[in-house]
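Below is one structure; the comments refer to it alone.
There are 2 protein chains.
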Amino acid sequence: MQLNQETIINQDLKENIVIEEIKVFAPATVANVGCAFDILGFALENIGDEMIFRKTSTPGIKIISKGLGNLPTNPEKNVAGVVAIEMMKNEDSSFGLEIEINKKINPGSGIGSSAASASGAAFGISKLLNRNYSTHELIHFAMQGEKLASGAEHADNVAPAITGEFALIRGYHPLDMIVIKAPKNLYCTVIHPQIEIKTKEAREMLPKEVALKDAVIQWGNVAGLIAGLHQSNYQLIGRSLQDIIIEPQRAKLIPGFYNLKMAAMDSGALGCSISGSGPSVFALSEGIETANAIKAAFDKVYFDKGIDYHLFVSAIGKTGSRLIQ
Amino acid sequence: MQLNQETIINQDLKENIVIEEIKVFAPATVANVGCAFDILGFALENIGDEMIFRKTSTPGIKIISKGLGNLPTNPEKNVAGVVAIEMMKNEDSSFGLEIEINKKINPGSGIGSSAASASGAAFGISKLLNRNYSTHELIHFAMQGEKLASGAEHADNVAPAITGEFALIRGYHPLDMIVIKAPKNLYCTVIHPQIEIKTKEAREMLPKEVALKDAVIQWGNVAGLIAGLHQSNYQLIGRSLQDIIIEPQRAKLIPGFYNLKMAAMDSGALGCSISGSGPSVFALSEGIETANAIKAAFDKVYFDKGIDYHLFVSAIGKTGSRLIQ
Chain R
338 MQLNQETIIN QDLKENIVIE EIKVFAPATV ANVGCAFDIL GFALENIGDE
388 MIFRKTSTPG IKIISKGLGN LPTNPEKNVA GVVAIEMMKN EDSSFGLEIE
438 INKKINPGSG IGSSAASASG AAFGISKLLN RNYSTHELIH FAMQGEKLAS
488 GAEHADNVAP AITGEFALIR GYHPLDMIVI KAPKNLYCTV IHPQIEIKTK
538 EAREMLPKEV ALKDAVIQWG NVAGLIAGLH QSNYQLIGRS LQDIIIEPQR
588 AKLIPGFYNL KMAAMDSGAL GCSISGSGPS VFALSEGIET ANAIKAAFDK
638 VYFDKGIDYH LFVSAIGKTG SRLIQ
Chain P
338 MQLNQETIIN QDLKENIVIE EIKVFAPATV ANVGCAFDIL GFALENIGDE
388 MIFRKTSTPG IKIISKGLGN LPTNPEKNVA GVVAIEMMKN EDSSFGLEIE
438 INKKINPGSG IGSSAASASG AAFGISKLLN RNYSTHELIH FAMQGEKLAS
488 GAEHADNVAP AITGEFALIR GYHPLDMIVI KAPKNLYCTV IHPQIEIKTK
538 EAREMLPKEV ALKDAVIQWG NVAGLIAGLH QSNYQLIGRS LQDIIIEPQR
588 AKLIPGFYNL KMAAMDSGAL GCSISGSGPS VFALSEGIET ANAIKAAFDK
638 VYFDKGIDYH LFVSAIGKTG SRLIQ
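Printed below as a string of structure tokens:
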């Protein structure tokens, strides 16, 4: 479908008839997972956006933004919109697409707000149009949205937002994604301080070079984490959740990061680090009781900081983006 | 047991009665495994040293060297000897130890010659004296031998030489070793050009710093390799066997390395890289037929090079050091 500004913007809504409609849940995701910078992410079970996809009679793409954030409704500037534009290139121009985003994940939170929009769009449009895109194809579409949001086509949020569980991005040329099932009793606690960190800026503060000996320590931990997930070895997962390269840099951006980390570890967390590029901080634990104890401990640390914050506890999402209702 | 030069060297053999004797097989090992520099190794099934351990009536440690290499028989300068000295510190001084090493792995080969001696010694002495040392304790003892051989207490050869299968060294402080079972149809082909590369020198040629983006590519491959091993996903193992940091440096030390690699890949190898610090080159494959085809291809590459070489095909060793006969 060829798009021009006119078809995008000046649709005549009065004549626009909804042919079909589906509702999709697109989960929040935690990327990097401590040591595994840029290559690993996991889906949360019950935290995410709701998106409605409508096949309409009038050609063009229309974005309706509800909920948190102040999302642009110009499809070319909206994360879900650019995914839709890309996917509609494969379709004829006889129908239109309306995407209603009920955003529940704050943009800039570090738990994959843009990835949820992008992945939800890729999944939702594929379902709405009965296209049997492979998981890798859906990730490719969703990466277009991430590119708009962060300037880089990374996949460590969009992949788990599509597949659920942990998603490993072994490499990008070509995209090589592997799903790793989470141990069944693994839970995640997240605190989201209401400050915004731009992924681009968080990326620019990283060192260009690292000592080989540090890189070896880091890939030892990456290997331990992947082995721990496969072997359902919670203690090994915990010992491996050490990031000696990225976390020390980005911790500076998050008020009280080390207090949060100490509070989580004292409450029995397996490990605690920065979610994506922050400011959200996540902790992993064995069992929901510990996850709730960490939530209370996070609350205590931030209670009198004078910064608004949100707290979540979630299992690891078994599915990623999915149909609801 | 306190040792002095006199008890070590000047034992009166005529009066030395053998109280007990065991025979041990100590396997050759492949460390680094492509991308997983310094953190991963695996045992070969049927290639290794034979060692005889004798509990004797005369106090002191005696080394008898047979087979390949020109091993020092002064225990303080012998890899198995220093392990024995360390372990005998926990024993009374009423008996002696005789270690006969029938070396079949050439020193400096890159398939864990010193590690076999060190691990065989740790395992053999523990068995001979009925000590129930844990795997981690045995690795610690064996690391003393590696320290003598290479100047560094690394464990990526000694660990698999003790445990069999793949051994992951997540970290060293404290030692954190995890066994990963090999997919059952995984085979290894090794070519050992008869040139010697000293681990110390091979280590000194490595860069002190690496680009963060390269480190990320490397730990993506490390993660893929660990996931592939757990999931018995041979193709994933193959895609992950890419070392962009160490191999390009050390390849220079091995005549015709890239010809060997190309020959292996053309013969169906999953991947091909340098074993340890070289000069041995290994290839992994699914099935013994492919492993044998790679052996023939290696042979063809080296046939007219004017360098002596040995060729091996082996399954991954299910056990590491073990009692034989």
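Residue numbers (my numbering), protein chains in the order written: chain R, 338 to 662; chain P, 338 to 662. C-beta atoms are modelled at their ideal positions from N, C-alpha and C, and glycine is treated no differently. From a predicted model like this one, the values you see are computed outputs, not experimental measurements.
Residue i burial status per 10 Å Cβ neighbour count (16 or more: buried)
i: MET425(P); result: buried
i: LYS670(R); result: For chain R, the structure presents residues 338 to 662; residue 670(R) sits outside this window and is missing.
i: ASN347(P); result: Residue placement at ASN347(P) is poorly supported in this model, since its pLDDT is 48, which falls under 50; the coordinates still yield a value, given next. Label assigned to ASN347(P): exposed.
i: SER471(R); result: exposed
i: MET542(P); result: exposed
i: ARG468(R); result: exposed
i: GLN555(P); result: buried
i: ILE345(P); result: With a pLDDT of only 49 at ILE345(P), under 50, the local geometry of the prediction cannot be trusted, and no value is derived from it.
i: GLY624(R); result: exposed
i: PRO511(P); result: exposed
i: GLN572(P); result: exposed
i: ALA601(R); result: buried
i: TYR646(R); result: buried
Proximity test, Cβ basis, 8 Å: residue i and chain R
i: LYS545(P); result: yes
i: LEU607(P); result: no
i: HIS477(P); result: no
i: GLY557(P); result: yes
i: SER577(P); result: yes
i: LEU597(P); result: no
i: ARG507(P); result: yes
i: HIS523(P); result: Looking at the sequence shown, residue 523(P) is not His but Leu. With 8 Å as the cut-off, LEU523(P) does not count as an interface residue toward chain R.
i: VAL553(P); result: yes
i: LEU549(P); result: yes
i: ALA504(P); result: no
i: LEU377(P); result: yes
Proximity below 8 Å, CB of residue i to CB of residue j
i: THR393(P); j: ASN353(P); result: yes
i: GLY613(P); j: ILE448(P); result: yes
i: ALA633(R); j: VAL547(P); result: no
i: ALA380(R); j: PRO497(R); result: yes
i: ALA664(P); j: ASP386(P); result: Nothing about residue 664(P) can be read from this structure; chain P reaches only from 338 to 662.
i: LYS642(P); j: PRO585(P); result: no
i: THR500(P); j: ILE631(P); result: no
i: ALA560(P); j: ALA373(R); result: yes
i: LYS441(P); j: LEU405(P); result: yes
Neighbour flag for residue i against chain P, beta carbons, 8 Å
i: SER622(R); result: no
i: ILE517(R); result: yes
i: ALA564(R); result: yes
i: PHE374(R); result: yes
i: ARG659(R); result: no
i: ALA588(R); result: no
i: VAL367(R); result: no
i: HIS567(R); result: yes
i: GLY501(R); result: no
i: ALA560(R); result: yes
Partner residues on chain B for residue i, Cβ-Cβ distance less than 7 Å
i: LEU573(R); result: Annotation note: the requested chain B is absent from the structure, which comprises protein chains R and P.
Residue i, enclosing beta strand (DSSP E) - first and last residue
i: LYS392(R); result: 377–393
i: GLU623(P); result: 618–623
i: SER651(R); result: 646–652
i: VAL516(R); result: 512–517
For residue i, three-class secondary structure by DSSP
i: ILE354(P); result: coil
i: LYS399(R); result: strand
i: ASN439(P); result: strand
i: THR410(P); result: coil
i: MET542(R); result: coil
i: SER451(P); result: helix
i: ILE574(P); result: helix
i: ARG587(P); result: helix
i: ILE506(R); result: strand
i: GLN528(P); result: The question names Gln, but residue 528(P) in the sequence shown is Ile. In the structure shown, ILE528(P) sits in a strand (DSSP, three-state: E or B).
i: PHE362(R); result: strand
i: LEU607(R); result: coil
i: ALA373(R); result: coil
i: LEU485(P); result: helix
i: LEU405(R); result: coil
i: ALA368(P); result: strand
heavy atom of the ligand FMN below 7 Å from residue i C-beta
i: SER614(R); result: In the structure shown, the ligand FMN is absent, as is every other ligand, since no ligand is present at all.
Opening and closing residue of the alpha helix (DSSP H) in which residue i lies
i: ALA600(P); result: 594–603
i: VAL553(R); result: 549–567
i: GLY418(R); result: 416–425
i: ALA498(P); result: 495–500
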